[in-house]
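Undergrad:
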Amino acid sequence: MKGLLDDFSDGEGSSLERLVSRGVSRRDFLKFCTGVAVMVGLPMGMGAKIAEAVMNPKRPPVLWLSAQECTGCTESLLRTNHPTLEKLILELVSLDYHETLNAGAGHQAEAARVKSMQENKGKYILVVDGSIPVKDGGIYCKIGGKTALSLLEEMGSQAAAVVAIGSCASWGGVPSAAPNPTGATPVHEIFKTKGIKTPVVNIPGCPPNGYNFLSTVLYFVTFKKLPELDDQGRPKFAYGRIIHENCERRPHFDAGRFAMEFGDEGHRKGYCLYKLGCKGPETYNNCPTLLYGDVGSGAWPVGTGHPCFGCSEKGVGFTMPLHSPSRPQYLTPPSLFTEVYPGKEGVAPGVKALAAGFAGAAIGAAGAAVLSGLGKKDDEKEDKKDKEG
Ligand code: SF4
Ligand code: SF4
Ligand code: F3S
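Residue numbers (my numbering): 33 to 421.
(1) Across the segment 208 to 222 and the segment 130 to 139, are there enough close Cβ pairs to call them in contact, namely three or more that are closer than 8 Å?
(2) Nearest CA to the CA of W96: which residue from Q361, A143, V194, G73?
(3) Report whether the distance from the Cβ of I275 to the nearest heavy atom of ligand 3 is below 7 Å.
(4) By a C-beta neighbour count over all protein chains shown, 10 Å radius and 16 as the cutoff for buried, is R423 buried or exposed?
(5) Among the residues of its own chain, which have a CB less than 6 Å from the CB of P231, if the five just before and after it don't count?
(6) Between V379 and G104, what straight-line distance do the alpha-carbon atoms span, to the nearest angstrom?
(7) Around the C-beta of D161, are 16 or more other C-beta atoms found within 10 angstroms, so that it is buried, or is it exposed?
(8) Looking at I274 and C319, is the spacing between their C-beta atoms short of 8 Å?
(9) Using 7 Å as the cut-off, classify the Cβ of G312 as near or not near the heavy atoms of ligand 2, replying yes or no.
(10) Indicate whether G170 and I228 have their beta-carbon atoms separated by less than 8 Å.
(11) Say yes only if the C-beta of E131 is nearer than 7 Å to one or more non-hydrogen atoms of ligand 1, and no if none qualify.
(12) On a Cα-Cα basis, can you pick out the residue from V206, Y324, F245 that is closest to V348?
(13) Does DSSP put Y373 in a helix, in a strand, or in coil?
(14) Under 7 Å from any heavy atom of ligand 2, does the C-beta of L305 make it?
(15) Evaluate contact between the segment 66 to 73 and the segment 142 to 160, counting only Cβ atoms and requiring at least three cross-stretch pairs below 8 Å.
(16) From this set, K268, K311, L250, which residue's C-alpha is nearest N234's C-alpha?
(17) Quick one: Cα of S148 to Cα of F64, how far?
(18) What residue range does the alpha helix (DSSP H) around V334 cover?
(19) Which residues mark the beginning and the end of the alpha helix (DSSP H) in which N244 is found?
(20) According to the neighbour-count rule (16 or more other Cβ atoms, all chains shown, within 10 Å of its Cβ), is M78 buried or exposed?
(21) So is E101 buried or exposed if we call it buried at 16+ other beta carbons inside 10 Å?
(22) Beta-carbon distances below 6 Å to any heavy atom of ligand 1 define the shell here; list its residues in chain order, please.
(23) Can you round the beta-carbon distance between V219 and L261 to whole angstroms, since I take them to be within the 8 Å contact cut?
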């Protein structure tokens with residue numbers, strides 16, 4: 033299937049060959065696959081399986097439906113400072129329809145959407161960004177004369193899986209903020225109401241981290257099933273821990289050292305931002321370990337000196353006032369740690385469970401470290417050596 037994105041359409045050769053031709057080295061590609069494997073909690077060796085799956089010349093078809101959104105989810109994938117992520121996304125999947133990126137327009141774009149759906153029925157991945165307005169028959173968002181609601185029903189019911197990217201698609205996000213004038217509704221709720229059985233994975237965030245999105249898609253492509261999800265349909269590898277647990281300012285929180293105002297001495301010294309309204313203590317996401325923009329340490333909201341506002345957490349972002357205090361789930365470290373059994377060898381089951389949890393977080397962090405190191409100078413030197421033989 034030749035996609036509308038001619039520049040990235042299916043051609044001869046594997047995904048790896050196409051990536052190499054676009055300046056992504058083999059080393060980066062294999063590091064990336066290993067990083068994805070480790071990040072989603074698989075043994076490092078599974079990176080080879082992921083690489084094998086995505087090197088298939090027939091790339092998995094992806095259709096992307098945009099409803100009530102700001103295009104930030106798309107832009108954040110494409111405008112990374114380091115180009116690796118955008119190249120990976122556009123080369124590893126066949127993006128057959130995307131309202132922002134379509135080369136064609138009008139009837140051409142509509143024809144490509146229908147053609148891909150017919151040729152790949154039951155096999156394509158549908159990505160949805162934006163919430164779906166349901167009030168007044170869904171008239172507040174139309175694409176090609178059809179409501180987003182009817183398009184979601186049509187495209188979602190024939191997909192292999194649906195990825196709801198961003199907080200708008202995952203739980204309503206900005207458009208659903210009170211008084212929610214358009215009846216903005218998340219994808220999974222529409223499916224529930226309409227009885228559509230296609231599995232949905234939520235990747236919330238405003239915008240979410242592109243690597244969480246790509247890792248989820250590649251997991252599905254490789255194993256033909258979604259990664260393990262939590263009770264809100266989020267992949268556990270990305271949303272299994274609260275931000276507060278992995279935040280570099282956590283020692284200041286524990287020691288009671290807080291910034292009280294933007295620009296005060298505590299703020300300048302990097303103290304905890306809890307008293308400025310940080311929602312890290314009640315937001316599940318891997319922002320402190322995965323970081324953003326491929327630019328290195330500190331590149332995440334709290335790292336730059338602004339409190340987390342809980343953009344990915346239902347009932348927090350766009351719901352709670354920006355600078356109101358959050359409701360910490362764990363007040364102090366001792367409340368996290370269960371006691372060692374007195375008078376017995378070994379540790380309490382709770383300690384083991386906790387240790388397993390930390391190991392899980394460490395695995396995620398290790399994967400994140402690999403992913404965030406892609407394309408760095410050391411690699412460039414190694415690639416040069418490889419080429420020189
Ligand atoms: Fe825009 Fe945020 Fe909604 Fe994504 S989740 S479409 S970035 S408002
Ligand atoms: Fe970090 Fe915010 Fe927790 Fe402070 S309250 S440790 S800034 S996540
Ligand atoms: Fe969003 Fe908070 Fe992460 S604002 S990007 S969930 S640090």
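Glycine included, every Cβ here is placed at the ideal spot set by N, Cα and C.
TA: For this structure:
(1) no
(2) Taking the first residue of the sequence shown as 1, we reach residue 96 at position 64. Checked all of Q361, A143, V194, G73; the closest Cα to W96 is V194.
(3) Here residue 275 corresponds to residue number 243 of the sequence shown, with the count starting at 1. Yes; taking the cut-off as 7 Å, the Cβ of I275 has a heavy atom of ligand 3 nearer than that.
(4) A query on residue 423 cannot be resolved here, the shown segment of the chain reaching from 33 to 421 and no further.
(5) Position 199 of the sequence shown, counted from the first residue, corresponds to residue 231. Answer for P231: A193, L258, listed in chain order.
(6) By 1-based counting over the sequence shown, the position of residue 379 is 347. By 1-based counting over the sequence shown, the position of residue 104 is 72. Here the model assigns V379 a pLDDT of 36, short of 50, so the residue's position is not dependable, and the following value carries that caveat. One C-alpha to the other measures close to 47 Å.
(7) Start at 1 with the first residue of the sequence shown, and residue 161 comes out as number 129. The residue is buried, with at least 16 neighbouring Cβ atoms inside 10 Å.
(8) Taking the first residue of the sequence shown as 1, we reach residue 319 at position 287. Taking the first residue of the sequence shown as 1, we reach residue 274 at position 242. The answer is no: Cβ separation not under 8 Å.
(9) Start at 1 with the first residue of the sequence shown, and residue 312 comes out as number 280. Answer for G312: yes, Cβ within range of ligand 2.
(10) On the sequence shown, position 138 is the one that residue 170 refers to. On the sequence shown, position 196 is the one that residue 228 refers to. With a cutoff of 8 Å on beta-carbon distance, G170 and I228 are scored as not near each other.
(11) Here residue 131 refers to the residue found at position 99 of the sequence shown. Proximity of the beta carbon of E131 to ligand 1 is not indicated: no heavy atom of the ligand is located closer than 7 Å.
(12) Start at 1 with the first residue of the sequence shown, and residue 348 comes out as number 316. Of the listed residues, the one whose Cα sits closest to V348 is V206.
(13) Position 341 of the sequence shown, counted from the start, is the residue given in the question as residue 373. Note that Y373 scores a pLDDT of 40, beneath 50, so its modelled location is shaky and nothing firm can be said.
(14) For the purposes of this step, residue 305 is identified with residue 273 of the sequence shown, where counting begins at 1. With a threshold of 7 Å, the Cβ atom of L305 counts as near ligand 2, since some heavy atom of the ligand is closer than that.
(15) no
(16) Translated into the one-based positions of the sequence shown, residue 234 becomes position 202. Out of K268, K311, L250, K268 has the C-alpha closest to the C-alpha of N234.
(17) Residue mapping note: residue 148 aligns to position 116 of the sequence shown, counting from 1. Residue mapping note: residue 64 aligns to position 32 of the sequence shown, counting from 1. The alpha-carbon atoms of S148 and F64 are separated by roughly 28 Å.
(18) Taking the first residue of the sequence shown as 1, we reach residue 334 at position 302. Neither: V334 is in no alpha helix (DSSP H) and is coded neither H nor E.
(19) Sequence index remark: in the sequence shown, residue 244 carries index 212 (1-based). It spans 242 to 255 - the alpha helix (DSSP H) in which N244 sits, taken as one unbroken run.
(20) Reading the sequence shown from its first residue, position 46 is the one you call residue 78. It is buried - the Cβ of M78 has at least 16 other Cβ atoms within 10 Å.
(21) Here residue 101 corresponds to residue number 69 of the sequence shown, with the count starting at 1. With 16 or more Cβ atoms within 10 Å of its Cβ, E101 is classed as buried.
(22) My final list is E101, C102, G104, C105, D161, G162, G198, S199, C200, G205, V206, C238, P239.
(23) As a first step, residue 219 is located in the sequence shown; it is residue number 187 there, counting from the start. As a first step, residue 261 is located in the sequence shown; it is residue number 229 there, counting from the start. In fact, because the Cβ distance is near 14 Å, the residues do not count as touching under 8 Å.
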